[in-house]
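Residue numbers (our numbering), protein chains in the order written: chain A, 456 to 764; chain B, 456 to 764; chain C, 287 to 552; chain D, 287 to 552. We put the beta carbon where it would ideally sit given N, CA and C, even for glycine.
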Amino acid sequence: MSVTFCGLSLAHRVINGSGTFDAVAARTVFGEQLERSFPFAAYVSKTITLRARPGNPPPRLWEAPGGLINSIGLPNKGLAGYLSEDLPRLSGFVAAEPARPDDPKASAAARERALRVPLVTNVMGSTADEFCTLVDACDSHEQIDAIELNVSCPNVSTGLDIGADPTALGQMIARVRPRTQKPLIVKLTPNTADAASCAAAAQAAGADAVSLINTLRAMALAPARANGRPSPWLGGGTGGLSGPAVRTVALAQVCAVAERVEVPVVGMGGVETASHARDMLDAGATLVAVGTASFRDPQAAARIARELA
Amino acid sequence: MSVTFCGLSLAHRVINGSGTFDAVAARTVFGEQLERSFPFAAYVSKTITLRARPGNPPPRLWEAPGGLINSIGLPNKGLAGYLSEDLPRLSGFVAAEPARPDDPKASAAARERALRVPLVTNVMGSTADEFCTLVDACDSHEQIDAIELNVSCPNVSTGLDIGADPTALGQMIARVRPRTQKPLIVKLTPNTADAASCAAAAQAAGADAVSLINTLRAMALAPARANGRPSPWLGGGTGGLSGPAVRTVALAQVCAVAERVEVPVVGMGGVETASHARDMLDAGATLVAVGTASFRDPQAAARIARELA
Amino acid sequence: MSFTPFARRLLTVAANEPLGAYRLLRVNDAGGPEPQAGQFAMLAAAQRWGGGDDERPYLPRAFSIARRREDESHFLLEDVGPGTRRLCELSAGEELWSLGPLGRGFAPPRDGRRAILVGGGAGIAPLAILQDSLSQQASVLVGFRDADRVPGAGLLRDAAIATDDGSAGYHGRVTELLSEELANDPHAEVYACGPAAMLEGVRAMCARADVPGQLALEAPMACGFGACYGCAVERRGGGYLRVCVDGPVLEAGELAAVDAYAGAPA
Amino acid sequence: MSFTPFARRLLTVAANEPLGAYRLLRVNDAGGPEPQAGQFAMLAAAQRWGGGDDERPYLPRAFSIARRREDESHFLLEDVGPGTRRLCELSAGEELWSLGPLGRGFAPPRDGRRAILVGGGAGIAPLAILQDSLSQQASVLVGFRDADRVPGAGLLRDAAIATDDGSAGYHGRVTELLSEELANDPHAEVYACGPAAMLEGVRAMCARADVPGQLALEAPMACGFGACYGCAVERRGGGYLRVCVDGPVLEAGELAAVDAYAGAPA
Ligand SMILES: Cc1cc2nc3c(=O)[nH]c(=O)nc-3n(C[C@H](O)[C@H](O)[C@H](O)COP(=O)(O)OP(=O)(O)OC[C@H]3O[C@@H](n4cnc5c(N)ncnc54)[C@H](O)[C@@H]3O)c2cc1C
Ligand SMILES: Cc1cc2nc3c(=O)[nH]c(=O)nc-3n(C[C@H](O)[C@H](O)[C@H](O)COP(=O)(O)OP(=O)(O)OC[C@H]3O[C@@H](n4cnc5c(N)ncnc54)[C@H](O)[C@@H]3O)c2cc1C
Ligand SMILES: Cc1cc2nc3c(=O)[nH]c(=O)nc-3n(C[C@H](O)[C@H](O)[C@H](O)COP(=O)(O)O)c2cc1C
Ligand SMILES: Cc1cc2nc3c(=O)[nH]c(=O)nc-3n(C[C@H](O)[C@H](O)[C@H](O)COP(=O)(O)O)c2cc1C
Ligand code: FES
Ligand code: FES
């Protein structure tokens, strides 16, 4: 029951959301267990930018009803650091095809075939040129199987996210598309009037898949007002909401997008159980990504994959 | 500590969200208690349309983590029915100015001054002409103190909400503005890339205030799949998410809008406690509206007003 | 008609007892308002309402007032999801919020008709208080899925019992018992509460036999007092009724058909 | 170094005892992994995690492992919000999820230095298991807000006590006791855990006295295993460290200053 996604062979339908699982750190914490039974069928890196970023000042987290606001600020080692330090440590992971207990014909071996975990590198540029440089680098590194474009980056002229405007989005993707044969996944922003039009623009410009939702723009004020003046809790001012609180919003957007485009859709947002994942698949997604739920339970994705089988 | 909002005198800063409290039904259920101590400082009617609407087929509700999706479908008697049947039953409500227990100088009488509850009529048209007709009728009924424009209505040419597009929104409001001197409140949609630009367009076209957030577009699939086929749970297909789940999204939008416009802002979305209300006020709102929280506790707004005092 | 107190009241659980597969939740309610038979209350645990499956419940839940004793109100609960589960686990001394009594209850039988009470599953709850309030002897017909649920009938006197699986009483549907009763003597008025399919059966039967029927409906509710318009059921001739303020007890003749969502847990 | 089990474990509460204003949560953990002193676990009640104030908690919460006994792991809890409240109310037999042990713990003293353990409030927890694990006799200095919290010191042997309000022990800050200790004999290594202001005092004092310090930090955490990047504290010289994987025990010299969010509840 392995799955094909953009020409890649996956052990099952559950992958991680970018920025919600650091396989390098997890390898240090959990050791070889992680390599032998990687919970995700593909591994999506956190967002890599051209230059290194320290991330936002703390606090970076706020717990919301049924969810989490984060204002992490895309800390990363920059493209060069990622390629030289992280990439070599991101191979050798295998994901077990989940056993289907009710299928007596499948031998245990066949049911538990271990599959290499493809690597998706998520990148964000602040200009189309930066996106090109990032994609070129990913293209030339064999170990990278697919590229996810994080388009929740402000458009310098309008201040809005590039991904929120179908025209700007299409133009950017059209610039990048000719530079690689590798699958291009466009990670849409949900902070838009019309995710389906953005997805259609991405598809028209050559995207091989779209993924959604990214986090909803959100904010919290500090509970104790320093000097009596209200101030944002998060070091970054505003942040992004994820987790169960956004699940029904995500499902609506995934459904609208899947109805509009032909390319495969990676559905995410608040998925915590197999039943939530099944909703995403029923709404038209090909793969499901798990983000915030992994924080509560690092085996959440593996559990979901098993229950979906 | 009564409050002035668009020239109206309010007993406190807490009003209801349109469509979340039916004063006519509540009068029947709760009797005179409701008239004597109306929980809201102003009463906002549910959305009135030109022609009567039955509303959406059931089911109309889905409980989400920390919230609720509704797909009510704006049932209402239509303008004529509203004016003839409901309007006469919407007067006589008084709201007590909440006592401020720590102010020894204020006499009990002064602290508990009862104020008439101004009536805000919320209207939605499917065209600018319809909006004009609705506003004209409200203008000519003395009992209506202010008009709220629900602009979460699809634009016939783009299919998107009029309220999601600053240009379309500004044009519609500019048509309506000259027809009344009464305060015009524009109820913004949160399903947009940029609520602040929509608010700015509303202000530029002459709005006296803006209110937000309306519900976030959301969806649920039926848990038991009829004939194995996935189908939406809600009779209306998709619905709108409200309640605590949206609170941090609402706060971010209220803050962004209040920073951009001069006109007063009515902040709402998931407000359940005085601390949530204070966050809205600190983010720049002049009034706070309570919606879903009234379903859990019909005295939620009164409690919040008391604790804010 | 008396009005509903315009505030939730914080009540204390007196006892929470198993009644077969159901729980009988007894709540201290001395001095509380007197319900009409067929009215309901919106209940929510005061602590930890939430944090169950799918991070629910959030909204309060509607329950028929099953019995009113001098000091107590009683509710019959069936655990079907996170809200009922939380209420089912409350123990004596714990608190819950109650808004009510709400809605329009049952009216007395018309034209000297005899009352036939027809209940299915947890839908027997409002029939108990109805039986207490009727001045006449009524026929009581109740149906359950299986014998595990039959102890629920203990809330009623002299009830004829049917089970879907034949594990107790008559093997079949309670509507079959009703059909016999009506055949024997059609000068009756039917009072029914139960799963949607049962209510729809009763409605159709009343229509055919030209017998008045009062159906206590259920619907997904957010507020219980007419605020949300969420509890709509289709009205015969078009448009919708709000179960919480127009019902929960509705004339069978007012309804087009009983929608699949408008009944008690089967 | 041994790895953390790659799965939450469902453990049963053995006891939950008051320790002054704190609770000592004892969890059955026979056969569980052996923590290093200073490591922590991410805990969440198995039932009703959620439904508290503001519909929280949602994420698990980090707690220092305070003691490891053959059959049990012990945690010291202070009720400061919805997550700690839920854990504080668990009773024997109830279950909780535990992921851990996580993070980098304390290292033994360098160059034959004597150990000084400095704790503030609930921050004394990791010092208890540290004292158990040290081969040498250590000086133990603990500060509390008031006498209600002093029973927490029962986790430690021979502790000198300070309270902010003078209601027990030395009237003043525990850092004043540390300052005396260091003045008497600076050939020491300081191990500290407590509120941010205390940690910052200790950090600055270590820097001035040129004494090595190991600070056990706290930070808002979502995951505890390096996944979310939420637990950042500023590193001396720029950039950030993740408290959960680079710490929670960090060299005093690695830090620019201890951020206001990076300490234990005061
Ligand atoms: C007037 C009235 C009187 C009632 N009297 C009684 C009574 O006396 N005794 C009794 O046991 N019950 C009674 N009920 C029914 C009771 O209110 C429901 O069983 C209860 O609300 C279910 O809540 P839950 O959280 O346990 O289950 P839910 O999970 O809410 O499940 C109940 C049903 O709702 C649907 N559902 C599932 N998930 C969701 C979701 N996320 N949002 C919305 N719907 C969902 C499904 O169809 C499911 O079967 C009454 C209802 C009404 C309206
Ligand atoms: C490594 C480590 C070890 C620890 N060891 C212990 C220990 O042994 N014993 C112990 O008692 N505690 C310990 N803590 C602290 C403990 O994890 C916190 O007290 C706990 O997470 C608080 O959760 P809460 O829900 O009870 O309180 P919260 O409501 O989360 O409040 C805690 C603080 O967070 C802030 N806050 C308020 N609301 C929010 C919100 N919505 N989102 C985010 N932040 C908010 C406020 O500043 C508040 O004071 C440790 C923490 C770490 C990181
Ligand atoms: C802490 C955190 C960090 C994230 N970092 C990134 C990121 O670097 N790049 C990205 O495209 N999305 C990022 N996301 C968004 C997630 O990939 C995902 O789209 C979103 O969280 C919704 O899924 P969830 O509800 O399952 O978490 C991040 C989310 C969280 C919670
Ligand atoms: C059941 C329901 C019905 C609503 N009906 C309307 C409506 O008729 N017109 C309108 O402008 N907003 C309507 N709203 C939106 C609310 O006024 C409010 O903007 C939104 O619910 C967010 O606030 P809350 O989280 O406090 O509920 C409705 C919301 C709910 C939950
Ligand atoms: S339950 Fe809200 S209107 Fe009936
Ligand atoms: S708590 Fe998630 S990275 Fe440290």
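Item to complete: Would you tell me roughly how many angstroms separate the C-alpha atoms of Ser686(B) and Leu676(B), rounded to the nearest one?
Response: 6 Å
Worksheet item: When we look at the beta-carbon of Val611(A) and count the other beta-carbons within 10 Å, is it buried (16 or more) or exposed?
Response: exposed
Worksheet item: Thinking C-alpha only, which one of Glu727(B), Leu696(B), Cys710(B), Ala705(B) is nearest Asp339(D)?
Response: Glu727(B)
Practice prompt. Under 8 Å by Cβ, that's how I've got Ala331(D) and Leu376(D) pegged, so tell me the actual separation to the nearest angstrom.
Written response: 6 Å
Worksheet item: With burial defined as no fewer than 16 other Cβ atoms inside 10 Å of the residue's Cβ, what is the status of Pro472(D): buried or exposed?
Response: exposed
Worksheet item: With a CB to CB cut of under 7 Å and the five nearest residues on each side skipped, what residues in its chain are close to Pro458(C)?
Response: The question names Pro, but residue 458(C) is Gly in the sequence shown. Hits under 7 Å: Ala448.
Discussion item. For the alpha helix (DSSP H) containing Val572(B), name the first residue and the last one.
Written reply: Segment: none, Val572(B) is in no alpha helix (DSSP H) and carries neither H nor E.
Worksheet entry | 9 Å Cβ cutoff, Glu520(D) in contact with chain C | no
Worksheet item: From Arg566(A) to Ala550(A), what does the alpha carbon distance come to, in whole angstroms?
Response: At Arg566(A), the pLDDT of 48 sits below 50, so the modelled position is not reliable and the matter cannot be decided from this model.
Fill in: Gln423(C), buried or exposed, once every other Cβ within 10 Å from all chains shown has been counted against 16
exposed
Worksheet item: Any heavy atom of ligand 8 closer than 8 Å to the CB of Ala505(C)?
Response: The model on display carries ligand 1, ligand 2, ligand 3, ligand 4, ligand 5 and ligand 6 but not ligand 8.
Worksheet item: Which residue or residues does DSSP assign as beta-bridge partners of Ile602(A)?
Response: Thr576(A), Leu639(A)
Discussion item. For Tyr344(C), would you say it is in contact with chain D, using Cβ-to-Cβ distances shorter than 9 Å as the test?
Written reply: yes
Discussion item. Taking CB distances under 9 Å as the criterion, tell me whether Glu341(D) reaches chain C.
Written reply: yes
Fill in: Classification of Asp620(B) by the beta-carbon crowding that lies within 10 angstroms, buried from 16 upward
buried
Discussion item. For Ile415(D), report the span of its alpha helix (DSSP H) as first-last.
Written reply: 411-419
Fill in: Cβ neighbours of Cys514(D) in the same chain (closer than 7 Å, five flanking residues each side left out)
Ala508
Practice prompt. Using the Cα positions of Lys532(A) and Ala592(A), report the straight-line distance between them to the nearest angstrom.
Written response: 15 Å
Discussion item. Applying the 10 Å Cβ sphere with the 16-neighbour rule, what's the burial state of Leu604(B)?
Written reply: buried
Fill in: With 16 other Cβ atoms within 10 Å as the buried cut-off, status of His467(A)
buried
Worksheet item: Which whole runs of the beta strand (DSSP E) in the segment 469-516 of chain B are 3 residues long or more, in chain order?
Response: 469-471
Worksheet item: Mind checking Asn470(C): buried by the 16 CB within 10 Å criterion, or exposed?
Response: exposed
Practice prompt. Inspect the beta-carbon positions of Pro506(D) and Cys492(D) and report whether they are closer than 9 Å.
Written response: no
Worksheet item: DSSP three-state call for Gly522(B): helix, strand or coil?
Response: strand
Item to complete: Indicate the three-state DSSP secondary structure (helix, strand or coil) for Gly440(D) in the structure shown.
Response: helix
Practice prompt. Could you pull out every residue in the same chain whose Cβ sits closer than 8 Å to the Cβ of Thr290(D), ignoring the five residues on either side in sequence?
Written response: Pro319, Leu385, Gly386, Pro387, Leu388, Phe511
Practice prompt. Could you spell out the range, first to last residue, of the beta strand (DSSP E) harbouring Pro304(D)?
Written response: 295-305
Worksheet item: In chain order, what residues place their C-beta within less than 7 Å of a heavy atom belonging to ligand 6?
Response: Phe750(A), Met507(D), Ala508(D), Cys509(D), Gly510(D), Phe511(D), Gly512(D), Ala513(D), Cys514(D), Tyr515(D), Gly516(D), Cys517(D), Arg528(D), Val529(D), Cys530(D), Val531(D)
Worksheet entry | Reduced DSSP secondary structure (H/G/I, E/B, other) of Ser350(C) | strand
Item to complete: For Asp752(B), go through chain C and note every residue whose CB falls closer than 7 Å to its CB, in chain order.
Response: Arg294
Worksheet item: Taking 9 Å as the CB-CB limit, is Thr728(A) close to chain C?
Response: yes
Worksheet item: With 9 Å set as the bound, which would you pick, yes or no: does the beta-carbon of Phe548(A) sit closer than that to a beta-carbon of chain D?
Response: no
Worksheet item: Anyone know if the C-beta pair for Glu467(D) and Leu501(D) falls short of 9 Å?
Response: no
Discussion item. I'd like to confirm something about Val590(A): is its beta-carbon nearer than 8 Å to some heavy atom of ligand 3, or not?
Written reply: no
Discussion item. Using 8 Å for Cβ pairs, my map puts Leu420(C) next to Leu362(C). What's the rounded Cβ distance?
Written reply: That pair is no contact at about 18 Å.
Worksheet item: Along the chain, where does the alpha helix (DSSP H) that runs through Val590(B) open and close?
Response: 583-594
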